[in-house]
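Chemist:
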Amino acid sequence: MESHNVKKRLDQAHEAADDLQPLYEKIGGAMVFRTQRRFETETDPAGKKWPRLKPRTAAKRIGSGRRGYENMLRVKLRLYQSITYQADATSVATGTNVIYAAIQNLGGEIKQAERQHTIYQKYNEKTDTLAPRFVKRSRSNYARDVTIKARTIKIPAREFLGFGDGDRKEVLSVTEGHFRTEGGFEGGNQ
8 MESHNVKKRL DQAHEAADDL QPLYEKIGGA MVFRTQRRFE TETDPAGKKW
58 PRLKPRTAAK RIGSGRRGYE NMLRVKLRLY QSITYQADAT SVATGTNVIY
108 AAIQNLGGEI KQAERQHTIY QKYNEKTDTL APRFVKRSRS NYARDVTIKA
158 RTIKIPAREF LGFGDGDRKE VLSVTEGHFR TEGGFEGGNQ
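For the sequence shown, our numbering assigns the number 8 to the initial residue and increments by one for each residue that follows.
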């Protein structure tokens, strides 16, 4: 009877090791959770805090009813919610398909060339003045073409994708748990 249990457990362990996709699915889910947690704590995979927003950027966010210095990269949640994984029988990858993710994760410069643009304002004939604010084309009675000078926007790296020590520990924990349950080793020496 004892040897039957040993053989049964060995068969379960072999079966669990033959099909690793369920393990990689669990690891992928854990990595998505950990990546989203980095957005919430505003830290990189090594646990280092992200660079703060520039005061001017934070002021713009406050003025538009957003959260100032809070919730970097999470104002609209698009990037946060796009984190996903792909798993198969041999590997797992965590990432996003959002086009601006790379520059947010790695940092870099965006060079904008000089360009022409039409701005729309309201003109008051009685006072012969232009309203200082821009308006939509449909609400304006005055339009003019302007040249917007070339500029470079520097975006600091706010790494959210990556693999740190905490991630390694989590993968080991998930792997051990997987083989304990799927490999038939849960419940000790039975």
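Heads up, the beta-carbon is just placed ideally off N, CA and C, and yes, glycines get one too.
Return yes when the C-beta of M79 is under 7 Å from any heavy atom of the ligand COA, and no when it is not.
Modeler: Questions concerning the ligand COA fall outside what the structure shown contains, since it holds no ligand whatsoever.
Chemist: Looking at C-alpha atoms only, which residue of I110, A150, V142, Q43 is the closest neighbour of Q123?
Modeler: Mapped onto the sequence shown, residue 123 falls at position 116. Nearest of I110, A150, V142, Q43 to Q123, Cα basis: A150.
Chemist: Measuring CB atoms only, is the region 158–166 touching the region 110–122, in the sense that at least three cross pairs come out at less than 8 Å?
Modeler: Because the criterion of three Cβ pairs below 8 Å is met, the region 158–166 and the region 110–122 touch.
Chemist: Please work out which residues of its chain come closer than 8 Å, Cβ to Cβ, to S98, disregarding the five sequence neighbours upstream and downstream, and give them in chain order.
Modeler: As a first step, residue 98 must be located in the sequence shown, where it is residue number 91. If we look at S98 and ignore the five residues flanking it on each side, its Cβ neighbours are Y31.
Chemist: Please report how far the alpha carbon of A6 lies from the alpha carbon of L137, in whole angstroms.
Modeler: Summary: the structure shown does not reach residue 6, with the chain confined to residues 8 through 197, and so no result is reported for it.
Chemist: Alpha carbon to alpha carbon, how far is E121 from F186? Give it in angstroms, no decimals.
Modeler: Translated into the one-based positions of the sequence shown, residue 186 becomes position 179. Translated into the one-based positions of the sequence shown, residue 121 becomes position 114. The straight-line gap from Cα to Cα measures roughly 59 Å.
Chemist: So, at 8 Å on beta carbons, what are the nonlocal neighbours of V181 in its own chain, with the 5 sequence-adjacent residues on each side left out?
Modeler: Against the sequence shown, residue 181 aligns to sequence position 174. So the qualifying residues of the chain are L30, K33, I34, A37.
Chemist: Mind checking which residues open and close the beta strand (DSSP E) that includes Y149?
Modeler: Taking the sequence shown and counting its residues from 1, one reaches residue 149 at position 142. Start and end: 149–155.
Chemist: Starting from K33, follow the alpha helix (DSSP H) in both directions and report where the run begins and ends.
Modeler: Taking the first residue of the sequence shown as position 1, residue 33 is located at position 26. Residues 28–48.
Chemist: Let me know if T42 comes out buried or exposed under the rule of 16 or more other beta-carbons within 10 Å of its beta-carbon.
Modeler: Working through the sequence shown from its first residue, we reach residue 42 at position 35. With 16 or more Cβ atoms within 10 Å of its Cβ, T42 is classed as buried.
Chemist: To the nearest angstrom, how far is it from the Cα of A66 to the Cα of E189?
Modeler: Residue 66 sits at position 59 when you count from the first residue of the sequence shown. Residue 189 sits at position 182 when you count from the first residue of the sequence shown. The straight-line gap from Cα to Cα measures roughly 52 Å.
Chemist: With a threshold of 7 Å on Cβ separation, who are the neighbours of Q128 within its own chain once the five nearest residues in sequence on each side are excluded?
Modeler: Here residue 128 is taken as the residue at index 121 of the sequence shown, counted from 1. Excluding sequence neighbours, Q128 sits near L137, A138, F141, V142, S147, Y149.
Chemist: Closest to R85 by CA distance: which of D51, T50, F46, T101 is it?
Modeler: One-based indexing of the sequence shown puts residue 85 at position 78. Closest option to R85, Cα to Cα, is F46.
Chemist: What are the boundary residues of the alpha helix (DSSP H) that A53 is part of?
Modeler: The residue labelled residue 53 in the question sits at position 46 within the sequence shown. From DSSP, A53 is part of no alpha helix (DSSP H); its letter is neither H nor E.
Chemist: Which residue comes first and which comes last in the beta strand (DSSP E) that contains V99?
Modeler: In the sequence shown, counting from the first residue as 1, residue 99 sits at position 92. Where V99 is concerned, the enclosing beta strand (DSSP E) stretches over 99–102.
Chemist: Considering only their Cβ atoms, is the gap separating T134 from D152 smaller than 8 Å?
Modeler: Position 145 of the sequence shown, counting from 1, holds the residue named residue 152. Position 127 of the sequence shown, counting from 1, holds the residue named residue 134. Not closer than 8 Å, so no.
Chemist: Can you tell me whether DSSP reads G63 as helix, strand or coil?
Modeler: Your numbering for residue 63 matches position 56 in the sequence shown. In the sequence under discussion, the amino acid at residue 63 is Arg, which differs from the Gly named in the question. Reduced to three states, the DSSP call for R63 is helix.
Chemist: Could you tell me whether the Cβ atoms of L27 and A96 are closer together than 8 Å?
Modeler: Sequence index remark: in the sequence shown, residue 27 carries index 20 (1-based). Sequence index remark: in the sequence shown, residue 96 carries index 89 (1-based). Their beta carbons are under 8 Å apart, which means L27 touches A96 by this criterion.
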